[in-house]
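So, in structure tokens, the structure goes:
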């Protein structure tokens, strides 16, 4: 009986070590950190849909040019895999606080590379915006966008008490002015527009007084109106294609003949209008068969609208909306001001680019060569974009650690 009693009383004690192990596992899990899962899922979904659309939009032109219908798709999927691995490594290993130490150095390097592009860059389709390194095309302006956000986030976090004054905001304007000058020298109007809009976002987030914010925006607006009214020669010298694109934007169908400057926006509108509500079906686009030039690049959304229809367009826009919401959520719950500004700036960059691309594809804005994040063909830009999203996920991971 005694032995039986001993066995019965000893049994509950055996459960305690198991409970202790479970608690230790939870602590280790918290130490490793938990990224924002909805954001991660949306990113992967956008990359997958974008890769499918790259193949669907490009197989006809790839077959005609290279005799390989998988030419663009194979390359893009490879870069997507590398990009997702880079995102995972950044999210799990990188301490985002390290970025703050090297923010200004990184900005200077990115700025210098962009100033060197007009002299040592590769000219593709009449534009000199790339370096070719080991056979890979690399666009330094993609690095400059992130470097600008990083530099602005660092300055705001270090001088937040001064940011309510106009004097305190001048360094942000200086960062942006130098970056815009570097991209204008490349005749890269789309990058210049994105950089200027990023400055507006960062100024707004910095806590600058509404009056001073209005002064800065008003000054930029006055300068733009002056250039459009009296400075057409300056615009033609810096961005020679800008005035022509403004004329084409007003009525692209009247510019379809001759040099065909209105051909691409007109064919984009044809593709969108023929999609209807449900679309023609995946892979069934007509415009990609020699009508819409470079369908895998800036106008890939027009092919998506033609094949997946209004329903598919809404689904993709909702995904981008969720990405924006989760990015802003990470920013709002970030552990400090620097990480909050950085997450907000990266998210704002993607939102700006998506909105401008959709506006261009629908001819709401003149054509500016703005790519659609996660969709448009471009390996190095996709890797950089996914690495940036890794930084946002890293910030969310540290938020979980500190909250835990």
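In the working numbering, the protein residues as written are 7 to 410. For glycine and all other residues, C-beta sits at the position ideal for the given N, C-alpha and C. Here the structure is a predicted model, which is why all the values come from computation and not from measurement.
Item                                                                                                  : Value
Same chain, Cβ closer than 8 Å to residue 359, five either side skipped, listed in chain order        : 200, 376, 377, 378 and 379
Local conformation of residue 394 per DSSP, three classes                                             : helix
Delimiting residues of the beta strand (DSSP E) encompassing residue 138                              : 133-139
Rounded C-alpha distance that separates residue 30 from residue 125                                   : In this prediction, residue 30 has a pLDDT of 41, which is less than 50 and means its spatial position is unreliable; what the coordinates show is noted afterwards. C-alpha separation (whole angstroms): 58 Å.
Delimiting residues of the alpha helix (DSSP H) encompassing residue 253                              : 248-256
Beta-ladder partner(s) of residue 273, from DSSP                                                      : In the DSSP output, where bridge partners are listed per residue, residue 273 has none listed.
Short Cβ contact (8 Å threshold) for residue 110 with residue 157                                     : yes
Where residue 329 falls: helix, strand or coil (DSSP)                                                 : helix
Three-pair Cβ contact test at 8 Å for the stretch 367-374 versus the stretch 247-260                  : yes
Where residue 304 falls, given that 16 or more other Cβ within 10 Å makes a residue buried            : buried
Segments assigned alpha helix (DSSP H), at least 4 residues, entirely inside the stretch 51-123       : 77-99 and 103-107
Boundaries (first-last residue) of the alpha helix (DSSP H) holding residue 171                       : That residue, residue 171, is in no alpha helix (DSSP H); it is neither H nor E in DSSP.
Where the beta strand (DSSP E) through residue 143 begins and ends                                    : 142-144
Between the CA atoms of residue 184 and residue 115 - distance to the nearest angstrom                : 12 Å
Cβ shell of residue 50 (< 8 Å), same chain only, five flanking positions each side left out           : 90
Where residue 70 falls, given that 16 or more other Cβ within 10 Å makes a residue buried             : exposed
Sub-8 Å separation of residue 166 and residue 338 beta-carbons                                        : no
Three-way DSSP call (helix, strand, coil) for residue 129 in this model                               : strand
Exposure of residue 323, with buried meaning 16 or more beta-carbon neighbours within 10 Å            : exposed
Residue 306 versus 122, 245 and 278, residue with shortest Cα-Cα distance                             : 278
Of the residues 404, 396, 395 and 384, the one placed nearest residue 77, counting alpha carbons only : 384
Rounded C-alpha distance that separates residue 57 from residue 47                                    : 15 Å
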